[in-house]
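Asker: In UniProt numbering, the protein residues as written are 1 to 299.
(1) Using only the alpha-carbon positions, how far apart do residue 270 and residue 74 sit?
(2) How close, in whole Å, do the beta carbons of residue 250 and residue 4 come, if the pair is a contact with beta carbons under 8 Å?
(3) Could you give the DSSP three-state label for residue 148: helix, strand or coil?
(4) Let me know if residue 120 comes out buried or exposed under the rule of 16 or more other beta-carbons within 10 Å of its beta-carbon.
(5) In three-state DSSP terms, what is residue 167?
(6) My understanding is that residue 79 touches residue 141, with C-beta atoms under 8 Å, so please give their C-beta distance in whole angstroms.
(7) How big is the Cα-Cα spacing for residue 254 and residue 83?
(8) Just checking, does the region 94 to 114 make contact with the region 48 to 59 on the three C-beta pairs under 8 Å criterion?
(9) Could you tell me how far apart the beta carbons of residue 1 and residue 256 are, in whole angstroms, since I believe they sit closer than 8 Å?
(10) Residue 10 and residue 37 - do their beta-carbons sit closer together than 9 Å?
(11) Counting along the chain, where does the alpha helix (DSSP H) carrying residue 93 start and finish?
(12) Considering residue 129, what are the terminal residues of the beta strand (DSSP E) in which it resides?
(13) Looking at the strands, I want to know which residues DSSP matches up with residue 47.
(14) Classify residue 216 as helix, strand or coil using the three-state DSSP reduction.
(15) Below 8 Å, how does it come out for the region 151 to 164 and the region 103 to 119: are there three or more Cβ pairs, yes or no?
(16) With 16 as the cutoff for other CB atoms within 10 Å, does residue 192 come out buried or exposed?
(17) Our contact map puts residue 128 next to residue 91 with C-beta atoms below 8 Å; I'd like the distance itself, whole angstroms only.
(18) Since residue 11 is in the alpha helix (DSSP H), which residue starts that stretch and which ends it?
(19) Could you check how far apart the C-beta atoms of residue 30 and residue 17 are, in whole angstroms? I think they sit under 8 Å.
(20) Could you pull the DSSP bridge partners for residue 137 from this structure?
(21) Along the chain, where does the alpha helix (DSSP H) that runs through residue 232 open and close?
(22) From residue 292 to residue 174, what distance separates their C-alpha atoms?
(23) Exposed or buried, residue 133, counting other C-beta atoms within 10 Å across all chains shown (16 or more means buried)?
(24) Residues in the same chain with beta-carbon distance under 6 Å from residue 184, minus the five sequence neighbours each way, listed in chain order, please.
(25) Is it right to say residue 110 is buried, meaning 16 or more other beta carbons lie within 10 angstroms of its own, or is it exposed?
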């Protein structure tokens, strides 16, 4: 999770029937508990979530998409008006399935308003998945919101998914812009050849790097091995922190790495500061009996 802010991010649990307020000062109430990486607003009582999983098994994460997003200037009557930073709370707090999210998207208007005292209206696109193995991407590039399938299962910051897929095929010298079996075979062959992976902080490079890692690597045999390997992959594409730039509003660096195990609803979190693993599982008992938000202490 890369973000140009010095606010401390930490694991956060939000319960069922949690009354929260959008940045447009509209009250909303969650129907489903969820767990993810978040931070409190400095000037009103709501948590901003950057990613997470809810009790229905839906995951959602936000990533930058500067230059191409299209938000409404003002709220629209008879619409679900949200700021971009409100979107994950709406997805995870009010939906049990991806199908429900997709069905509700046409009712949503994303409004270009700042969230709390954030200095900017941030341009986002979102990646969503569930226990079926389906992965979707939502990109607000104009017109009613809609979801598209993401066959590669990887997303980074800008550009849009279609351009990422084209860049991946171009790198592997595969004709066309579709992610196909030929792309998978080429990714596996490339990784097994020992050729160097693309490196750097540019999102297009990070996308190709992670797509090659994912599709070129055979499945790990244990959960512990998978966690270790994926955290290593995430470290390879993390953005460095520069203490001398701490006060700069545009210093974008990796605050934490997180892995969500959808099969167990376990959230695995490593902060930049501690480098230690925190693991929390969203159990049915937690969802049913915890009635208040909880921000876990960073370790």
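Heads up, the beta-carbon is just placed ideally off N, CA and C, and yes, glycines get one too. Predicted model only: the values in this text are computed from it and were never measured.
Answerer: Checking against the coordinates, here is how it stands:
(1) 37 Å
(2) 5 Å
(3) strand
(4) exposed
(5) In the displayed model, residue 167 falls within a helix according to three-state DSSP.
(6) With 8 Å as the limit, residue 79 and residue 141 do not qualify as a contact, their Cβ atoms being about 18 Å apart.
(7) 23 Å
(8) Yes: the two stretches touch, three or more of their Cβ pairs being nearer than 8 Å.
(9) Confirmed, Cβ separation roughly 5 Å.
(10) yes
(11) 87 to 94
(12) 124 to 129
(13) 40
(14) helix
(15) no
(16) exposed
(17) 7 Å
(18) Taken as a continuous stretch (DSSP letters only), residue 11 belongs to no alpha helix (DSSP H), being part of the beta strand (DSSP E) at 10 to 14.
(19) Contact between residue 30 and residue 17 holds: CB atoms are separated by about 7 Å, below the 8 Å threshold.
(20) 127, 148
(21) 223 to 236
(22) Inter-residue distance for residue 292 and residue 174 is about 51 Å (C-alpha atoms, whole angstroms).
(23) exposed
(24) 215
(25) With 16 or more other Cβ atoms within 10 Å, it is buried.
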